[in-house]
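Going letter by letter, the sequence shown gives residues 59 to 482 in our numbering. Just so you know, even glycine gets a beta-carbon here, dropped at the ideal spot from N, CA and C. Comments concern the structure below.
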Amino acid sequence: MATTATARAGIKQSVGKSRASVGDMQTFVWSGLDKRGVKIKGEQVSKNAGLVKAELRRQGINPQMVKAKPKPLFGAAGSSIKARDISIFSRQLATMMTAGVPMVQGFEIVAGGQNNPRMKNMLVDIKTEIEGGAALNEALGKYPVQFDELFRNLVKAGESAGVLDTVLDTVATYKENIEAIKGKIKKAMFYPAMVFAVAIIVSCILLIFVIPQFETVFKGFGSDLPAFTQMLVNLSKFMVANGFYILVGIIAFFVGITMFYKRSSKFAHLVDRALLRLPVVGNILRQSAMARFARTLGVTFRAGVPLVEALDSVSGATGSIVYNEAVKRIREDVAVGHQLQLAIRQTNLFPNMVVQMVSIGEESGALDAMLFKVAEFYEQEVNNAVDALSSLLEPFIMVVIGVIVGSMVIGMYLPIFKLASVVG
Numbered sequence: 059m060a061t062t063a064t065a066r067a068g069i070k071q072s073v074g075k076s077r078a079s080v081g082d083m084q085t086f087v088w089s090g091l092d093k094r095g096v097k098i099k100g101e102q103v104s105k106n107a108g109l110v111k112a113e114l115r116r117q118g119i120n121p122q123m124v125k126a127k128p129k130p131l132f133g134a135a136g137s138s139i140k141a142r143d144i145s146i147f148s149r150q151l152a153t154m155m156t157a158g159v160p161m162v163q164g165f166e167i168v169a170g171g172q173n174n175p176r177m178k179n180m181l182v183d184i185k186t187e188i189e190g191g192a193a194l195n196e197a198l199g200k201y202p203v204q205f206d207e208l209f210r211n212l213v214k215a216g217e218s219a220g221v222l223d224t225v226l227d228t229v230a231t232y233k234e235n236i237e238a239i240k241g242k243i244k245k246a247m248f249y250p251a252m253v254f255a256v257a258i259i260v261s262c263i264l265l266i267f268v269i270p271q272f273e274t275v276f277k278g279f280g281s282d283l284p285a286f287t288q289m290l291v292n293l294s295k296f297m298v299a300n301g302f303y304i305l306v307g308i309i310a311f312f313v314g315i316t317m318f319y320k321r322s323s324k325f326a327h328l329v330d331r332a333l334l335r336l337p338v339v340g341n342i343l344r345q346s347a348m349a350r351f352a353r354t355l356g357v358t359f360r361a362g363v364p365l366v367e368a369l370d371s372v373s374g375a376t377g378s379i380v381y382n383e384a385v386k387r388i389r390e391d392v393a394v395g396h397q398l399q400l401a402i403r404q405t406n407l408f409p410n411m412v413v414q415m416v417s418i419g420e421e422s423g424a425l426d427a428m429l430f431k432v433a434e435f436y437e438q439e440v441n442n443a444v445d446a447l448s449s450l451l452e453p454f455i456m457v458v459i460g461v462i463v464g465s466m467v468i469g470m471y472l473p474i475f476k477l478a479s480v481v482g
């Protein structure tokens, strides 16, 4: 018994040292000669140069140069890890596991192909955790930002059922679809916002730099300026005198709104509900939330996650505070024994089509398949709505910009027209 306890203690100590050494891992570049005398080079993540040389000799390579890879001057830590990176990683690991490659070796291969140092270090760290005896979902738990609760729950279900490769492939497809929806929403919001921003910048340039030049010319006319031109001149003087304070005030306003939105749940709920009530954009946001709800719940349910636990993960994946709270209420109703379709109906946020599809899925035992059909329908609706919104906004935005800039140009030339009529 004492020997067994000592062995266990030794294993724990070894694992602890292994995990502690992850922070010392770094990337080395090397060059050497293979058995044919051909010069080859590459990169390898290791604790020190001596271990790299030993590994190269084990592979039949005579190392000639091994040194730490220099860090770039800018962005030495690497770019941030994006959802697309996690999606690609999931697909690659799933492909290798399906082909029979052991998980640890799969992590080595994927990490070796990374250009982002942060992503590479994260994968090496996770690999070390797995080598130390941790399950994959436990190792991923060290990085909750990159691998959220939904991802970890799916991986845990896949490990329990012995279908981890299938689950990882499903997660990759899920993330690709969700990111596609997010991209559509950003496109719908970004284009008009940027055009209006350009219009405001052009207007400010005219008011601050161009109109004062015209004013000096107007003073020589010796007559009163037209009312509209005088208004523009006064606005120009105000902008020149207070432009800096206006800019600071605008920045402070948006920063304050953003911070208040993050810290006040009531204010965030109010803003989210107001956005959902907008004529065209609100419809896109509602359809996006329903598509994400259906796809996320379908993926988790198909992976074998119990419905109540699946709804826990789904609540944070809808992208809407209003729908987030609705899913939490659905979870509470399901937890006390209500049918899913009845719980969804009680929220008054989902259309009858969604309720009926879920009801059919529950009765037929094919809930995941019905949820995927709902997700596909609303994803297509989002695509169509965004395309229609873009087509609708383009002429409207051009008219608005034309009115803003054109009015200023006309206001500047009104005195000239007036002078010409007097001379005539």
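In this structure, DSSP gives proline 284 a state outside helix and strand, which the three-state scheme calls coil.
The alpha-carbon separation between alanine 219 and threonine 186 amounts to approximately 24 angstroms. Here alanine 347 is buried, its C-beta having at least 16 other C-beta atoms within 10 Å. Around the C-beta of lysine 242, 16 or more other C-beta atoms lie within 10 Å, and the residue is accordingly described as buried. Rounded to the nearest angstrom, the Cβ distance from threonine 228 to alanine 361 is 7 angstroms, consistent with a contact under 8 angstroms.
Sequence-distant Cβ neighbours of arginine 115 in its own chain, meaning closer than 8 angstroms and more than five residues away, are Pro121. Secondary structure at valine 221: coil, using DSSP grouped into helix, strand and coil.
The C-beta distance from serine 261 to valine 463 rounds to 7 angstroms, short enough to meet the 8 angstroms contact threshold. Using a Cβ distance threshold of 9 angstroms, isoleucine 188 and methionine 161 count as a contacting pair. Around the beta carbon of methionine 180, 16 or more other beta carbons lie within 10 angstroms, which makes this residue buried. With fewer than 16 other Cβ atoms inside 10 Å of its own Cβ, glutamate 421 counts as exposed.
In the DSSP assignment, alanine 375 falls outside any alpha helix (DSSP H) and carries neither an H nor an E. A Cβ-Cβ separation of about 5 angstroms places tyrosine 319 in contact with alanine 326 under the 8 angstroms criterion. Between the beta-carbon of methionine 297 and that of isoleucine 266 there is about 5 angstroms, and that keeps the pair under the 8 angstroms contact cut. Counting C-beta pairs with one atom in each stretch, the segment 411-426 and the segment 349-361 have three or more that are closer than 8 angstroms, which means they touch. For proline 270, the enclosing alpha helix (DSSP H) stretches over residues 269-276. The alpha-carbon separation between leucine 91 and glycine 100 amounts to approximately 12 angstroms. Only buried fits valine 444, as 16 or more other CB atoms lie within 10 angstroms of its CB. Bridge pairing for isoleucine 236: absent [DSSP]. The three-state secondary structure of glycine 469, taken from DSSP, is helix. For a cut-off of 8 angstroms, the C-beta gap from lysine 200 to serine 148 is around 17 angstroms, too long to register as a contact.
Counted as a single uninterrupted DSSP element, the alpha helix (DSSP H) harbouring serine 145 occupies residues 141-156. Straight through space, the alpha carbons of glutamine 438 and arginine 142 are spaced by roughly 21 angstroms. With distances taken between CA atoms, isoleucine 263 lies nearest to Leu290 out of Leu290, Glu237, Phe276, Ala424. With a 10 Å radius around the Cβ and a threshold of 16 neighbouring Cβ atoms, tyrosine 471 comes out exposed. Secondary structure at valine 338: coil, using DSSP grouped into helix, strand and coil.
According to the DSSP secondary-structure assignment, lysine 99 is paired through a beta bridge with Ser89. Sixteen is the threshold: since fewer than 16 other Cβ atoms of the shown chains lie within 10 Å of the Cβ of glycine 118, the residue is exposed. With at least 16 other beta carbons inside 10 angstroms of its own, glycine 356 counts as buried. By the beta-carbon neighbour count (other beta carbons within 10 angstroms, threshold 16), valine 103 is buried. Runs of the alpha helix (DSSP H) lying entirely within the segment 185-210 and spanning at least 4 residues, in chain order: 194-198.
Proline 121 carries a strand assignment under DSSP once its states are collapsed to helix, strand and coil.
In the three-state DSSP reduction, glutamine 84 falls in the strand class (E or B).
Secondary structure note for glutamine 404: its alpha helix (DSSP H) is the uninterrupted segment 398-404. Annotated three-state conformation of serine 322 is coil, per DSSP.
Valine 203 sits away from leucine 212, with the two beta carbons spaced by 9 angstroms or more.
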